[in-house]
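Chains A and B supply the protein sequences, listed in that same order. The first sequence begins at 1 in the numbering used here and counts up one residue at a time. The second sequence begins at 467 in the numbering used here and counts up one residue at a time. The beta carbon of each residue, even a glycine, is placed where N, CA and C say it ideally should be. Working notes for the structure below.
Number of protein chains: 2
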Amino acid sequence: MSKVLHKLFKPRSIALIGASRDPKKLGNIILRNIINGGFRGKIFPINPEAEEIYGLKVYPSVLKVPEDVDLAVITVPAVIVPQVIKECGEKGIKIAIVISAGFRETGPEGEALEHKIVEVGEKVGVRILGPNCLGIVNASERLDATISRVIDPSQLREGAIAFVSQSGAFGASLYSWAQGRGISFDKLISFGNMCDIDESDILSYLATDKKTKVIVMYLEGVKNGRKFLETAKKVSLVKPIVVMKIGKSAKGSQAAKSHTGALTGASAVYDAAFKQAGIIKAENTTEMFDFGKAFATQPLPKGNGMVIVTNAGGPGVAATDVCQDVGLDLVEIDENTRKTLKKIIPPFASTLNPIDTTPQVSPRVHGEILKIMLSLEKVHGAISIIVGSKPRQYAEEVVSAHLDLSKEFNKPVVLSWTADKSAEDLIVKLEENGIPVYDTPERAVRSMAALRKYAAFIEKRASTGK
Amino acid sequence: MSKVLHKLFKPRSIALIGASRDPKKLGNIILRNIINGGFRGKIFPINPEAEEIYGLKVYPSVLKVPEDVDLAVITVPAVIVPQVIKECGEKGIKIAIVISAGFRETGPEGEALEHKIVEVGEKVGVRILGPNCLGIVNASERLDATISRVIDPSQLREGAIAFVSQSGAFGASLYSWAQGRGISFDKLISFGNMCDIDESDILSYLATDKKTKVIVMYLEGVKNGRKFLETAKKVSLVKPIVVMKIGKSAKGSQAAKSHTGALTGASAVYDAAFKQAGIIKAENTTEMFDFGKAFATQPLPKGNGMVIVTNAGGPGVAATDVCQDVGLDLVEIDENTRKTLKKIIPPFASTLNPIDTTPQVSPRVHGEILKIMLSLEKVHGAISIIVGSKPRQYAEEVVSAHLDLSKEFNKPVVLSWTADKSAEDLIVKLEENGIPVYDTPERAVRSMAALRKYAAFIEKRASTGK
């Protein structure tokens, strides 16, 4: 399976079955995305009624392609898909993305058609991603094989996050949202109806993918619960899996069913199973990304000991509240360290934890305080809070004060920066350089807690061998 | 008291005691802010060692000012403040903002000094906001009387939200954050140590202020719990109060104490009391603003009946989950309405609720569906979900499809729009025109739930007369 999926993510050649000249057709959008993404392999558009599209030679059938094809991408109408899959098999293609809709999600007839493509695929040896999916992106291969019009294929940027989304359109728009914000997404996988390849197969593959540091999943339901949990239990030992599970409520479950036909289940059941499998649960869409970018960039904290360094009292208190809620400890600062701190911060600033430096302290000194604290053995991670981003020089100093901290100490650092619009480019710069930035102190703390939760899971599994 | 506070928010003249030429001094920053904000009243800088600052005549003492003064703003060192307050009284000034720090928050000596200024103030008839505060902003009076360097005084924009923040620096940076995003803040009030004027006094005044449609409070603790709850109970009948209460945890409470010396208390106690008083609780900083902008712009829903209209399945499911969590009902769509909908949406789109239009449907049609649903009596509000913001024309259509909806039907509409950076100006446009926009479906639904929670409180109070 892993070998086959390798051809999905790193194809040397793609046959696009249903390629079109009409800019409104999916078979055109996806072709443009593949070309504009800068895909370095070969592209074979298939369409019996065309000879050339965008300078590429068009073949009437995949069987007429004179070279080997690693991956088929299919956008033809649903009824033709079984025949196309058959031809793919004859051509020796091992894997196909079926973009086409009109299967299980539409009712009994579509469901029968979906069974048929699986049957044909099994017979001729073609594994299927989809149907009714958006496709995949693999930025490190400069591959945008999606029908998305919101992702900018010319802006693909290698990264450490693999994002698996059951909702194609939402997945693409979130990917695109992250693109402009310096968040290092690498892969997007939309698996639609999961008639064959399922979330567990994808998980197993991503566990072996060197680029992927964290797997973020947006799931409505899982196809095979036991398989998923067994797979997740193995994969979570290798890298973190962040899951946002929707369709938890009765009504939500019904809505999910009409959307992808997925089986959904009670929230409590999922919660318990996820926990056992070492899955980090995101409560909402915001957390899914917040946690993802923390895992993608930060080392894991080796314990619960935290320091909060803040330039304003209020958000320090808010962060302290959340630390207590999520089980992070604010370490006590010993007398010696306090003396050291007293030398560099104003007399009225607090050297308790949270260390409240007051707005008078420069970001450079703020950074020095972080360094003093991170060098202590009992401090396992730092939550840095900055309010304000003016003047520009101040904001630039915020960037340089944080840039290399987590690397230098091999400890996680998260930054809550309440900045105004003028500093947005600097936030992107920090994100691109591996410092996760959050709008609010609560989000920063919860992300740190997710890191610690995963670290504790790994430690426990290592000590018990289970 | 209300008359006195009128002079705080709408002074015709201000004496700035401690005005300075040195750009690093608070007495300079605040003077620049007042000038750059475009304050239309008179400004009297007070400083015994200067004759003119920024073309304004400087007086050696407030007693030497030849005209009436409505408001004193004091930035002199703490030890001189009692004497200055005394002079204010002699001059007939009824209210002073004490910016200066070095009082209760610094220990027993500072506490004694704080008692002294209260004592002097009472004796000579001067009410005090502060000390150790940032000052106030009142955009509709073009008044920025703060020491903030992050708020842009030239960009004050009238609005419907009054933001009361115990944390000055955080408050200012949040205000500034909102400034660039089209969110209609009007007032910012930082009350610091609350030696005299407290959160209840401010609440009572804001209840009478015509500009203010919603009061958003960031509180570490309240000075006088009983007074606050009694005041809130009255005020909440007139306008909504959204409170984010920090310092809930034991450690957080300790941190708050070292910050402003405020008394804090157990979370559960506050929760129960807040509920009784009709206060809408924000769980975190994000919600505080999310709810604030919903109340500032939307009519209240007259019941729990909601419709979700979405162009992507996934976020529709996520929104449905949250609706169930927060007690909002998705209305059943009757056969007739479904027939009407079927005429304008594709055959494969869902006419159940959530109405999943699929990405193929244009924002114009999305807007038509919202209109059809909002015109039904049993629909009390709409949650609109759009993923994607490309191409530009599409994004512009999203704006026009939503602009006047809530006004036309006098029902609340919230929009979850997962847009990329290129659409940020359009989001600002929507916000400025009274449509609250959220990054994620969960945040949109929770904001709608806050509106409904307040509406239910008002209905209950009206029916029971309590």
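Please report the straight-line C-alpha distance between Glu515 of chain B and Leu537 of chain B, rounded to a whole angstrom. So the two alpha carbons sit approximately 22 Å from each other.
Does DSSP put Ser656 of chain B in a helix, a strand or coil? Here Ser656 of chain B sits in strand by DSSP.
Can you confirm whether Leu579 of chain B, when its beta carbon is compared against all beta carbons of chain A, has any partner nearer than 8 Å? no
Run down chain A in chain order and give the residues with a C-beta less than 7 Å from the C-beta of Thr906 of chain B. Asn284, Thr285, Thr286
If we count the other Cβ atoms within 10 Å of its Cβ and call it buried at 16 or more, is Leu703 of chain B buried or exposed? exposed
Considering only DSSP beta bridges, list what Trp643 of chain B is partnered with. DSSP, once it has assigned bridges, lists no residue as partnering Trp643 of chain B.
Ser154 of chain A (DSSP reduced to helix, strand or coil): The three-state secondary structure of Ser154 of chain A, taken from DSSP, is helix.
8 Å Cβ cut-off: residues of chain A touching Pro878 of chain B: Within chain A, no residue comes near Pro878 of chain B; the closest Cβ sits about 20 Å away, beyond 8 Å.
Give me the Cα-Cα distance between Lys411 of chain A and His380 of chain A, rounded to the nearest whole angstrom. Note on geometry: alpha-carbon atoms of Lys411 of chain A and His380 of chain A lie some 6 Å from one another.
Could you list which residues in chain A have their beta carbon closer than 7 Å to that of Asp886 of chain B, in chain order? Val150, Ser176, Trp177, Gln179, Gly180
Ala605 of chain B beta carbon less than 8 Å from that of Leu622 of chain B: yes
Is the CB of Pro825 of chain B under 8 Å away from at least one CB in chain A? Closer than 8 Å: yes.
Is it right to say Leu497 of chain B is buried, meaning 16 or more other beta carbons lie within 10 angstroms of its own, or is it exposed? buried
When the distance is taken between beta carbons, is Ile197 of chain A closer than 8 Å to Ile128 of chain A? Result yes, Cβ atoms of Ile128 of chain A and Ile197 of chain A sit closer than 8 Å.
With contact counted as at least three CB pairs below 8 Å, one residue from each stretch, are the region 385-394 of chain A and the region 408-423 of chain A in contact? Put simply, the region 385-394 of chain A touches the region 408-423 of chain A. At least three CB pairs are less than 8 Å apart.
Look at the Cβ atom of Ala296 of chain A, then the Cβ atom of Lys213 of chain A, and state whether they are nearer than 8 Å. yes
Taking Cβ positions, are Ser639 of chain B and Asn502 of chain B nearer each other than 8 Å? no
Going straight from the alpha carbon of Glu332 of chain A to that of Gly573 of chain B, what length do you get? 21 Å
The alpha helix (DSSP H) with Asp791 of chain B in it runs from where to where? 779-792
Using only alpha-carbon positions, find the residue among B:Ile551, B:Ile745, B:Val879, B:Val535 that is nearest to Thr541 of chain B. Looking at the Cα atoms, B:Ile551 is the closest of the given residues.
Contact between the region 810-830 of chain B and the region 752-770 of chain B: three or more CB pairs below 8 Å? no
Nearest-angstrom Cα separation, counted from Ser20 of chain A out to Gly27 of chain A: 5 Å
Would you be able to state if there are at least three C-beta pairs under 8 Å between the region 440-452 of chain A and the region 192-207 of chain A? no
Select from A:Asp152, A:Phe103, A:Ile99 the residue whose C-alpha is nearest the C-alpha of Asn33 of chain A. A:Asp152
Going by DSSP, what residue range makes up the alpha helix (DSSP H) through Ala910 of chain B? 907-930
Distance, Cα to Cα, Lys293 of chain A vs Val326 of chain A? Annotation: Lys293 of chain A to Val326 of chain A spans about 19 Å, alpha carbon to alpha carbon.
Quick one, which residues of the region 850-874 of chain B are near chain A if we go by CB-CB under 8 Å, in chain order? For the region 850-874 of chain B, which is checked against every Cβ of chain A, the residues closer than 8 Å are Val853, Gly854, Ser855, Lys856, Pro857.
For Gly314 of chain A, would you say it is in contact with chain B, using Cβ-to-Cβ distances shorter than 8 Å as the test? Using a CB distance cut-off of 8 Å, Gly314 of chain A counts as an interface residue toward chain B.
For a contact defined as C-beta to C-beta under 8 Å, what are the partners of Phe170 of chain A on chain B? The CB of Phe170 of chain A comes closer than 8 Å to the CB of Ala778, Gly779, Gly780, Pro781, Val853, Thr884 in chain B, given here in chain order.
Output the distance between the C-alpha atoms of Gly625 of chain B and Ser642 of chain B, rounded to the nearest integer angstrom. 14 Å
Whole-angstrom distance between Leu695 of chain B and Ser929 of chain B, CA atom to CA atom: 21 Å
Under the three-state DSSP convention, the category Arg127 of chain A falls into: strand
How many angstroms separate the CA atom of Ser468 of chain B from the CA atom of Glu585 of chain B? Distance between Ser468 of chain B and Glu585 of chain B, taken at the CA atoms: about 21 Å.
Taking the C-alpha atoms as reference points, what is the distance between Ser566 of chain B and Val216 of chain A? 49 Å
Residues in the region 296-310 of chain A with C-beta within 8 Å of chain B's C-beta atoms, listed in sequence order? none
Option nearest Val164 of chain A by Cα separation, candidates A:Ile46, A:Val317, A:Val428, A:Lys187: A:Lys187
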